[in-house]
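Worksheet: the structure to be examined is printed underneath.
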Amino acid sequence: MKLNASSRLALLASVGVFAFAAAGCSEGGVTDGDHGHAHENGKEHAHEGDDHADDHPHDGDDNHAPESDDDHGHEHGEGDHQHAAGTGEPTLGFSLTDMPAAGERLTVSLILKAPDGRPVTDADITATHGEKLHVMVVDEGLEDYQHVHPQIGGNDLYEITFTPEFPRTYRVWTQYALADGEEAHTHDGEDEGHHHDDETSASGKEVILSEALIVGEDAAPALSSDNALTATANGLQFELSVPEAANVGVPVTLAVTVTGPDGAPFEGLEPLMEAYGHLVGFSQGASNMIHAHPTGAHPHGANSRGGPELQFDVTFIEAGPHRLFLQTKANGDEASGAFTINVSN
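Mapped onto mature numbering (1 follows the signal peptide of the UniProt record, and there is no 0), the consecutive letters of the sequence shown carry residue numbers -21 to -1, 1 to 324.
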């Protein structure tokens, strides 16, 4: 598939290196598990090696995937040499069958590569929260958020389908845990990691990667700096409590209180992906992400119930407004809400 320059349907270069706020977190998008620490999307690495672009023309198409022996039936740009085998970092690429457009259903095949350049297969990944691969898709205006799970297909591809609402840049975040014995990323022979989630870290190293997908050229609106601490969904009201100061690099506990339609504390939250809630947050422009699960008791079967309060331990790595998306389930249906909070230096 060849796209002209004006369409600017872009998948930026693979993001192999991440900055983590908390001490002990590794670069390379790899941790010992995730429990609420922010991960930077690595934009500063997006065009690493662009001085070689003349040797690998894009034909105007910024959508591309890591180099491989099999192009999976699609054409990709070839200019980003850091996608080649053996980069030393895990990478993420896309394969597209259709031109992305706002309001139209889009199928994207994710191509995951290990640090040595080989494909990351289904056998390499262990399930966390009931899924092999978690994919968080959000536009840079932080208005359209979707948490999806790929169908695992042939040729080591992981296929997601979603409908982008806006003709603007989206960021696609992938999060998965390598099975025991699989290589994640090392620095001078030592794995650098950080303990976030007991269930994840017990299974293996977690890898978090991000890429940009341009659906259109509209500029994303700036996120409001005003706190928005309440949300309503499916008859439930969610209220976010924030400590007096949420500061960069300082662990903080965010509490969400759930109230039912009758105004009483709601204790009927049902298990959703093996937790009573999932909190995913992004800084302005989706430049970094947090992903946290409630502390305390976990569900022990489909009949378990939680609430009325959920507490999430998080650490932010960037100052400014953040949009937080909460996912819960009640009465058989998902109930989700969005909050906005400001983080100080």
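Glycine included, every Cβ here is placed at the ideal spot set by N, Cα and C.
- Item | Own chain partners of THR153 with C-beta closer than 6 angstroms, once the 5 adjacent residues on each side are dropped | LEU71, VAL114 and LEU188
- Since HIS128 contacts LEU112 with CB under 8 angstroms, what's their CB separation in whole angstroms? 6 angstroms
- From the DSSP output, in three-state form, read off ALA254 for me. strand
- Query: How is GLY247 classed by DSSP in three states: helix, strand or coil?
  - Reply: coil
- So ASN226 and SER88 are in contact, right, with Cβ under 8 angstroms, and what is the actual spacing, rounded? Actually they do not touch by this definition, with Cβ atoms about 40 angstroms apart.
- Item | Helix, strand or coil at ASP135 according to DSSP, with G and I counted as helix | coil
- Does the distance from the CB of ASN134 to the CB of ILE320 come in under 7 angstroms? no
- For the beta strand (DSSP E) containing ASP205, list its first residue and its last residue. Counting along the chain, ASP205 falls outside any beta strand (DSSP E), and DSSP gives it neither H nor E.
- For residue 328, which residues does DSSP report across the bridge? The first residue shown for the chain is -21 and the last is 324, placing residue 328 beyond what the model contains.
- Message: For a test of the three-state rule: what should DSSP assign to ASP101, helix, strand or coil?
- Response: helix
- When the Cα atoms are used, what is the spatial distance from ALA317 to ALA106? 26 angstroms
- Would you mind sorting ASP101 into buried or exposed? The rule is 16 or more other CB atoms within 10 Å of its CB. exposed
- Query: What's the gap between the Cα of LEU215 and the Cα of ARG284?
  - Reply: 15 angstroms
- Message: Restricting to runs no shorter than 3 residues, where is the beta strand (DSSP E) found entirely within the stretch 272 to 298?
- Response: 288 to 293
- Task: Quick one: give me the first and last residue of the beta strand (DSSP E) that GLY72 is part of.
- Result: 70 to 75
- Task: Report the residue from HIS257, ALA17 and GLY228 whose alpha carbon sits nearest the alpha carbon of VAL235.
- Result: HIS257
- Item | Per DSSP, the bridge partner or partners of PRO300 | ASN321
- Query: Cα separation between ASP123 and LYS92?
  - Reply: 27 angstroms
- Task: Would you grab the beta carbon distance between VAL231 and VAL293 for me? Rounded to a whole angstrom, and I think it's under 8 angstroms.
- Result: 6 angstroms
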